[in-house]
Ligand code: HEM
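Residue numbers (the UniProt record's numbering): 7 to 542.
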């Protein structure tokens, strides 16, 4: 069947009639031919040589040769699950319709199916899940108005605030292009020159940098979005996922190392096992809301994703809860091919002017057309669970034509008077922000790179501060001294105690290293030593 919009699971359109001599469990090739020998290729005599027309073998081996698709350029290691989101119909004590007309949030008790993918960021597809790394928390809501993706992380802020820095940042955080090894020195080289990263680094090197697993962690949309109501009025919003009964749990470096020694997939396993035994993880979705303006009274810009919105001024307002209650049936089909993007919004939800959000919105669908293919939205996991009717046609792996029943199949363009597809009516009043400014390339004012770093440091419990310092010392003691000095200066500006404890820790570590007569510890020094040895 070539026409249709059904997306209920892969292989739905298959006819399950048996061929001649076949039983229910007969192995076939992809052409439907029964496979009579899956142990021996066809050869001239039983010692070979082989012949080239071994169709079953060629099909099997050449499909195998193509089993891998490119891994995600970031967030390659992940695990996923299905479930539902249930709206409370209100946000805090107010009807949600005051702020957004998005259908997914209206009518208390309404459930919307979701698929969630959790991930680490910098490691490759099978890297250990105990890494000190942000965790991805991407949710696809299959709403009645089409898909909405909320592509978030576990931490509420991010490293950088301008998308042009993202590829450099990721290069510094991922493996060295020469050795294929990840070095803290590369990360801190970038970080020390980009003070907007300090807040995220402070969280990342504390126990909050290694959540115990995917169930017991928070989530956040991080970037600032908008909600739009029936009158076209917008507010700025942030989304946060708070774990319900399973709670929040983080690991110390030592605990993480112990787990990693035993199991490099502990988080995937934890999620899979919990859902398998009916212990379904649940999160409450909470909103922070701000009026849609620049807010000069704040010492930060509401569009700056390196900042927390203080909860005393902008409290968390619950709007619904999510339950994950079904494991994937096939990792590749569902988790690996899942494609989330920040551009995927429904009526009543909108973008803000957050520059990072805008940069991200181009990047996701762009990479997915390359990583999964031009028709990635026709795959069951990505396709909306509602009617899809476009004039987009063809491309690799187009496996149905997404037009509407009863429409003229010859008309793959619009406008037309020959029974083609028509534009929809505008549902609510459009939100139309007004701009009057020079086109520039400039950082935001109110960058305030140190204020919240100090606050976050002071808000940690003492054991968390100790872990933070110890983890920073471990990473910086194998980084160049120029980088160490710069980091001490930065953290001193955030809080003098923070800088002092780091400086003391590093001095002590230097003594230890001297006592142990270790060679050059930084990659930069080691490389210099190696090149000069090679030249001799
Ligand atoms: C994945 C780009 C910032 C969360 C990705 C992918 C790209 C990307 C290209 C791979 C997508 C795929 O292959 O399907 C960017 C760019 C950013 C940025 C250019 C900044 C300008 C962020 C931020 C967050 C985030 C701030 C957190 C809110 C995620 C998550 C995934 C992801 C959770 C994995 C999605 C999945 O599970 O498939 N990002 N990203 N990214 N990103 Fe970002």
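Every residue, glycine too, gets a C-beta built ideally from N, C-alpha and C.
Spanning the alpha carbons of residue 266 and residue 328 requires a straight line of approximately 29 Å. Burial is judged here by how many other beta carbons sit within 10 angstroms of a residue's own beta carbon; residue 213 has at least 16 and is buried. A residue is called buried when at least 16 other Cβ atoms come within 10 angstroms of its Cβ; residue 493 meets this threshold and is buried. As DSSP reads the structure, residue 126 sits in a beta bridge with 141. At least one heavy atom of the ligand HEM falls within 7 Å of the beta-carbon of residue 81. The alpha-carbon of residue 217 is positioned some 15 Å away from that of residue 250.
If the five residues before and after residue 359 are omitted, its C-beta is found closer than 7 Å to the C-beta atoms of 309, all from its own chain and listed in chain order. For residue 496, the uninterrupted alpha helix (DSSP H) segment begins and ends at 487-500. For residue 469, the enclosing alpha helix (DSSP H) covers residues 468-482. Proximity of the beta carbon of residue 144 to the ligand HEM is indicated: a heavy atom of the ligand is located closer than 7 Å. Under the DSSP assignment, residue 88 falls in the beta strand (DSSP E) whose first and last residues are 84-93.
Excluding sequence positions up to five before and after residue 476, its CB lies within less than 8 Å of the CB of 259 and 511, all in the same chain and listed in chain order. Here the alpha carbons of residue 157 and residue 333 stand approximately 20 Å from one another. Here residue 117 is bridged, per DSSP, to 92. Secondary structure at residue 207: helix, using DSSP grouped into helix, strand and coil. With a cut-off of 7 Å, the C-beta of residue 370 is classified as near the ligand HEM, since at least one heavy atom of the ligand falls inside that distance. The residue from 74, 271, 497 and 135 with its alpha-carbon nearest to that of residue 343 is 74. Taken from the Cβ of residue 169, at least one heavy atom of the ligand HEM lies inside 7 Å. Between the alpha carbons of residue 221 and residue 227 lies a gap of roughly 17 Å. Under the 8 Å Cβ criterion, the stretch 93-104 does not count as touching the stretch 121-132, having fewer than three qualifying pairs. Residue 173: member of the alpha helix (DSSP H) spanning 172-179, first to last residue. Where residue 465 is concerned, there is no enclosing beta strand (DSSP E), although the alpha helix (DSSP H) around it starts and stops at 457-465. Contact annotation: residue 496 and residue 201 have beta-carbon atoms nearer than 8 Å. Shortest Cα-Cα distance from residue 151 to any of 193, 347, 110 and 274 involves 110. Listed as beta-bridge partners of residue 159 by DSSP are 142 and 226. Counting C-beta pairs closer than 8 Å gives three or more between the stretch 129-138 and the stretch 78-91, which meets the contact rule.
Taking 7 Å as the cut-off, one finds no heavy atom of the ligand HEM near enough to the beta carbon of residue 74. Per DSSP, residue 276 is one residue of the alpha helix (DSSP H) stretching across 272-282. In this structure, 427 is the residue among 432, 356, 427 and 210 with its C-alpha nearest to the C-alpha of residue 397. For residue 191, there is no enclosing beta strand (DSSP E); the enclosing alpha helix (DSSP H) covers residues 190-198. Per DSSP, residue 365 is one residue of the alpha helix (DSSP H) stretching across 361-377. In this chain, the beta strand (DSSP E) harbouring residue 326 covers 323-332.
Excluding sequence positions up to five before and after residue 117, its CB lies within less than 6 Å of the CB of 90 and 92, all in the same chain and listed in chain order. Here the stretch 238-246 makes no contact with the stretch 262-280; the two share fewer than three CB pairs at distances below 8 Å. Remark: the C-beta of residue 211 is outside contact range of the ligand HEM, defined as less than 7 Å to any heavy atom.
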